[in-house]
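The structure under discussion appears below in the form of structure tokens.
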Amino acid sequence: MKPFIDPAELWQHLNDARPEPGQVRNIIARALDKQRLTLAETAVLLKTEDPQLIEEIKQGARDLKEKVYGNRIVLFAPLYIGNKCSNDCKYCGFRASNKFAVRRTLADEEIIREVEALEDNGQKRLILVYGEHAQYNAEYIAHTARLVYEVKKGPGEIRRVNINAAPLDIEGFRTVGRAGIGTYQVFQETYHPEAYTWYHPAGRKADYEWRLTSLDRAQEAGLDDVGIGALFGLYDWRFEVMGLVRHTNHLEACYNVGPHTISFPRIKDASMLDLDPRYEVSDEEFVRLVAILRLAVPYTGMILTARETPEVRHEVMRFGVSQIDGGTKLELGSYSDSLNEEQNLNREQFKVNDPRSLGEIIEELLDNGYLPSFCTACYRLGRTGEHFMEFSVPGFIKRFCTPNAILTLAEYLVDYATPPVAAKGWKVMEANIRAMDDEKMSREVEARVERIRQGERDLYF
Ligand code: SAM
Ligand code: SF4
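Just so you know, we're using our numbering here: the sequence shown kicks off at 33 and counts up by one.
Here's what the structure looks like:
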């Protein structure tokens, strides 16, 4: 395949952009009219420096989120399966040359214990994470995904397993697809080929194109829920946003479906970190880039992780984030086995900056008027491309997403919430049911909530 990222083209757009107030406002209006932005339009937003216009861009993203997606936030947790790694990414604590890292791969019984602990907290959606190593091949990834689906503790079960692992070949993606995974995520880290080569000096990951085309292979293998991402802090953040938008256009053009999710991890402290300080992304720039991404690709899920502090998460969430992790622990085996700080030190890929429990995160979401959701309905009913449907099918959110958010929250409140969180949760839920404008639907949701209170589980629309 011809490489679809042309750095000169992306820089040309950025260099040519001369933001004028009228032009910036037209572009925001186009996004609010649910049009995906072009590279040239994205570049104009990225080059805008006038504080008043930046405020309008952020307000545009807030409006778009409210208008299109409403107040739901989907929750998930990462589960690190193994940190052996034959690559040497300069930013990652798991890099092969980090001799301090304690290497470990969870045994099957350990995976089961971890999943049980996650289910005991109320989690329903996981992303399994692996280093890049011969041991973590497609068969192994598929095996671990199946294992996770089989673990059922009390009322708990994992209903969607996503994967963040090394790129596979087409046959490998087929193998993993047969295990019933949800999204396969591969982050390009940086879309700039030279920067990429500098950060990835060794191992399979040194091959920029093999990584760039990985999600094309996933599509060829029939895996159409794919997640893209860039690791912010490696290279110019404006260029990376252009790369993400170009990658999106490419997937849309070739497969008629854009990425299921976009992730925008920002580099965090890790053991043996080796970075170029020129590219550090400030909190202000981070908020701005998330707002611009929301406007540029209005139909895609956006994921914000516990790499960020609670304060940054609180702020950024308003600009169009649809999924966050909660109760996150990155040290291998730590959901079921709590280690002390010192033991943790060399077991993490990087530092978690939002160490709050799932319960605490849910409480904050409820306090801020969000509707926490553990919904997995679309994926299980074969409604793939659900973010696109939420965005493009009139009434989709009212008919499916909000009711399913309410039903999955009801399960959480009955099974796992502390009494104060439960009290807040029922109030928020009732307010959301009252706000429904379809009386028949609100009665049906109430009836199903009652069935959940009586012990039924896994009801969805
Ligand atoms: N090993 C696989 C890979 O590299 O694609 C998958 C797992 S890797 C552990 C998941 C992601 O974590 C990477 O793609 C990278 O974007 C991110 N990451 C690595 N080091 C990081 C750091 N110091 N701070 C924040 N994110 C980091
Ligand atoms: Fe290995 Fe992934 Fe870390 Fe790179 S980012 S060193 S491939 S675990």
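All C-beta atoms in this analysis are idealised placements derived from N, C-alpha and C, irrespective of residue type, glycine included.
Keep in mind the model is a prediction, meaning the values are calculated, not measured.
- Exclusion of the five residues before and after ALA211 leaves ALA174, ALA177, ARG178 as the residues of its chain whose Cβ lies within less than 6 angstroms of its Cβ.
- Straight across, the Cα-Cα distance linking ARG339 with LYS383 is about 7 angstroms.
- Note that the region 327-346 touches the region 65-82; at least 3 beta-carbon pairs, one per stretch, sit closer than 8 angstroms.
- Taking C-beta separations shorter than 6 angstroms and ignoring five residues to either side along the sequence, the partners of LEU403 in its chain run ASN103, ARG104, ALA437, ASN464, following chain order.
- CYS121 has its CB nearer than 7 angstroms to a heavy atom of the ligand SF4.
- In the structure shown, THR280 adopts helical secondary structure according to DSSP, grouped into three states.
- In the displayed model, LEU138 falls within coil according to three-state DSSP, outside both helix and strand.
- For LEU107, the secondary structure class from DSSP, reduced to helix, strand or coil, is strand.
- If you ignore the 5 residues before and after ALA449, its C-beta comes within less than 8 angstroms of the C-beta of GLY154, GLY391, ILE394, GLY457, all in its own chain and listed in chain order.
- Pairwise C-beta distances place the region 122-130 out of contact with the region 351-360, as fewer than three of them are shorter than 8 angstroms.
- Three or more beta-carbon pairs separated by less than 8 angstroms link the region 280-294 to the region 246-264, which places the two stretches in contact.
- With fewer than 16 other Cβ atoms inside 10 Å of its own Cβ, ARG50 counts as exposed.
- Leaving aside the five residues that flank ASP48 on each side, the residues in its chain whose CB is nearer than 8 angstroms to its CB run, in chain order, ALA72, ALA75.
- Contact check for PHE205 against TYR216 passes: the beta carbons are separated by less than 8 angstroms.
- At least one heavy atom of the ligand SF4 lies less than 7 angstroms from the C-beta of GLN381.
- The straight-line gap separating the alpha-carbon atoms of SER366 and MET473 is approximately 42 angstroms.
- Between the ligand SF4 and LYS237, a heavy atom-to-CB distance of less than 7 angstroms is present.
- Remark: the shortest separation between the CB of ARG127 and any heavy atom of the ligand SF4 falls under 7 angstroms.
- CA-to-CA, the gap between ALA63 and MET421 works out to about 17 angstroms.
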